[in-house]
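Taken in order, the sequence shown gives residues 1 to 404; the numbers are from full-length UniProt numbering. We treat Cβ as the ideally placed atom computed from N, Cα and C, and that holds for glycine. Worksheet for the structure shown next.
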Amino acid sequence: MTAVVLPAVPRVLIAEADPWSRDLLKQVLLNVRCDARLDVCADGQQALELLANVPYDLVIVDWELPGIDGLSVLRSVRLRKRNPPLPFILMSSRNDSASVREVLPLAPTAYLTKPLNMESLTLRLQDLLLNAGEEVSCEVPMLAPGMTLSVYLERRRELADGAPLMTDVQLAVKRSLNPNGLDLTLLEAEVRTDPQITAVLIAAANSAAQHHGTAVQTLAQALHRLGTGQSMNLILGLALKRSARLSDPCLADYAERYWGLSLHTAEYARTLARLLDLDQERCYCAGMLHRLGDLALLRCLQEWKQAGGELDEWEEIGDALAEFGAGYGSALRTRWRLPLELRELIAAVYQLGGGVYSREALVMNMAGQMARLTEHEGVEALAKSRTARLLKIGLPELMRLRKK
């Protein structure tokens, strides 16, 4: 592929209907050119309107756009006879010879089939967006003058990227490969303890682009609906985002504690669910996700420090978690459209609402109480609780559960 002559800061358009695929493309592109001016849209009509008004240097479009499809967008671009031709990457799930023959006369710069090969996409973007030997570095934007931590966290709540990664995703994918490709069962075992990966894959599997009516509520269900290629892409794409891992020791220490609480809650929930013949995996996932907001807040606190903000390593972190942690979790679960049934189980970890409780909700409430016990506290009080009575479990069962 021949590299094109680009301005100092390239302008790029991405048109992709699925929000998770769109976000993945954005992260891969910014990983190649962090300074790119990027516009994104979700349908062909928006893409044509933007193309009519903005002189782009590269366009990346999915064929299967709603309304005006991506092939029609490419056809419109080529009819304008720009010289040199506008670099245009067309993506599609169609890999049959008839589709390829239909595309070739319109001379796309590249025709990529889904699920995308991340390495191949990165190499193509490097060819198009970088001159030979060129390296681009970008500084973290500084805070606006007078910005306070409280205002910053309030603004970031609806925009937060979620929790930091607690798993080495490159190693997880490597361990999940066998001679026949990626093994989803092995991959689930590698990443099931990571709240961010669990939440993102469940959200992506429930997106409209998947065209399924039944809600996905577990990591295993999400992996099988998305398939090997898309699952791997989404997981690897998470590692490309800013602050994907916490480098600040104090924030990382807080994250380890909240992650540990998530793990303990998930394990208690799964064991209780198995004991009571309930859905173990739904309960495990709910436990894993119940501290997602606190972890997301810690990630935003690291971004605050990287942008030049000051942060007391203990008092301010604790105050921020107490004030914003729950709100961040609620905002993420709503924005990512996690299934309502799963969100109700997560909420039950903290408290039971009014009305009739499902047995799974009671399990989550008990698991949360068990996980919050200190090592010196016994389970006698829990055995007398309303939750224990409704579940019909007593002191012997809870003592056995505590010892596991």
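Which runs of the alpha helix (DSSP H), 4 residues or longer, sit entirely within the stretch 291-358? 292-306, 315-335 and 340-350
Could you tell me which residues DSSP puts in a beta bridge with residue 413? What the structure shows of the chain is the stretch from 1 to 404, and residue 413 is not part of that stretch, so it cannot be assessed.
Quick one: is R33 buried, meaning 16 or more other Cβ sit within 10 Å of its Cβ, or exposed? Here R33 is buried: its Cβ has 16 or more other Cβ atoms, across all protein chains shown, within 10 Å.
Can you check which of these residues, Y350, M370, L345 and Q369, is closest to R359 by C-alpha distance? Nearest of Y350, M370, L345 and Q369 to R359, Cα basis: L345.
From L226 to A204, what does the alpha carbon distance come to, in whole angstroms? 8 Å
Enclosing alpha helix (DSSP H) for T198 [first to last residue]: P195 to A205
If you measure between the beta carbons of L298 and A255, is that distance less than 8 Å? yes
What residue range does the alpha helix (DSSP H) around L278 cover? Per DSSP, L278 belongs to no alpha helix (DSSP H) and is neither H nor E.
Sheet register partners of A110 (DSSP bridge): Under the DSSP definition of a beta bridge, A110 partners with I89.
Could you say which of A222, G213 and A199 lies nearest to T185 if we only look at CA atoms? A222
What is the DSSP secondary structure of T2, reduced to helix, strand or coil? Caution is warranted here: a pLDDT of 43 is assigned to T2, below 50, making its placement in the model unreliable, and the coordinate value is therefore given only provisionally. In this structure, T2 counts as coil in the three-state DSSP scheme.
CA-to-CA distance, T113 to S21, given in whole angstroms: 13 Å
I want to know whether the stretch 212-219 touches the stretch 231-245 - three or more CB-CB distances under 8 Å. no
Look at L289 and P164 and say whether their C-beta atoms are less than 8 Å apart. The answer is no: Cβ separation not under 8 Å.
Cβ pair count under 8 Å reaching 3, the stretch 267-279 against the stretch 171-190: no
Kindly confirm or deny that the stretch 303-312 and the stretch 259-276 touch, where touching means at least three C-beta pairs closer than 8 Å. no
Excluding five sequence neighbours on each side, which residues of the same chain lie with their C-beta closer than 7 Å to the C-beta of T122? V28 and V32
Option in L25, D23, L24 and L38 with minimal Cα separation from V12: L38
For Y350, which residues from the same chain have a beta carbon less than 7 Å from its beta carbon, with the 5 sequence-adjacent residues on both sides left out? G368
When DSSP labels each residue in this structure, what does D253 get in the three-state scheme? helix
What are the start and end residues of the beta strand (DSSP E) that includes L58? It spans L58 to D62 - the beta strand (DSSP E) in which L58 sits, taken as one unbroken run.
Just to confirm before moving on: does the CB-CB distance between A52 and Y328 stay below 8 Å? no
From K81 to A98, what does the alpha carbon distance come to, in whole angstroms? 25 Å
Does the structure place the stretch 190-200 close enough to the stretch 149-156 that three or more beta carbon pairs sit under 8 Å? no
Mark M1 as exposed unless 16 or more other C-beta atoms lie within 10 angstroms of its C-beta, in which case mark it buried. Confidence in M1 is poor, its pLDDT being 39 and thus under 50, which makes the residue's placement unreliable; the coordinate value appears in the next sentence. The residue is exposed, with fewer than 16 neighbouring Cβ atoms inside 10 Å.
Excluding five sequence neighbours on each side, which residues of the same chain lie with their C-beta closer than 8 Å to the C-beta of M399? V379
Measuring CA to CA, which of D18, A42 and V9 is closest to L30? If you compare the alpha carbons of D18, A42 and V9 with that of L30, the shortest gap goes to V9.
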